[in-house]
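Quick note: to get our numbering, add 56 to the position in the sequence shown (first position is 1). Even for Gly, the Cβ is constructed at its ideal location relative to N, Cα and C. Read through the structure below, which is laid out as structure tokens, and then see the notes.
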Amino acid sequence: MIVEYRADLADALPESRRRFMNQVRLTPGRRYEVHGISVFEQTAFVLVMDDIDTDAFRPSAAFRVVDATIPQGWVCTPSDGVVQLVLGPPFLAASVETYNTFVDHSDRDQLNEFWQHLDARRRVDADEGVEG
């Protein structure tokens with residue numbers, strides 16, 4: 057899944073969602089690969105790596121979807137709590153608990169698995185001539 061960051065859309069976010077755009081290091085018009093999706097407090101978020109390789113869930117309303125293809129192997133976990141849904145690789149989306157430990161960066165093995173996943177994606181993109 058590929059999205060394009062749009063500053064105009066980010067600026068139009070309701071104040072309650074702009075807090076998730078703090079310290080944004082995203083370039084308007086640049087395309088970013090989505091590494092996971094969550095629905096938190098009735099708002100969809102996408103997990104992207106910013107311009108300095110920091111992972112963060114950002115409101116999906118700040119992006120335009122360029123390619124909506126869901127990667128093979130992703131799983132979906134619905135929930136009735138504050139986090140209503142998590143979609144992504146199993147190390148992220150197997151349960152709300154795995155999502156929470158990822159967001160908190162509290163499990164070193166899980167983070168290592170994420171970086172291995174990211175490195176593998178980047179190798180595929182390089183082989184295919186895809187930027188970012």
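| Item | Value |
| --- | --- |
| Option nearest GLU89 by Cα separation, candidates VAL159, VAL139, SER116, ALA150 | SER116 |
| PRO134 to LEU141 span [Cα, whole Å] | 4 Å |
| Given 8 Å, three or more beta-carbon pairs between the stretch 63 to 73 and the stretch 124 to 133 | no |
| When ARG177, VAL152, ARG87 are compared against ALA118, the one with the closest alpha-carbon | ARG87 |
| Reference PRO146, options ARG164, VAL159, GLU169, closest by Cα | GLU169 |
| Start and end residues, beta strand (DSSP E) containing ASP111 | 111 to 115 |
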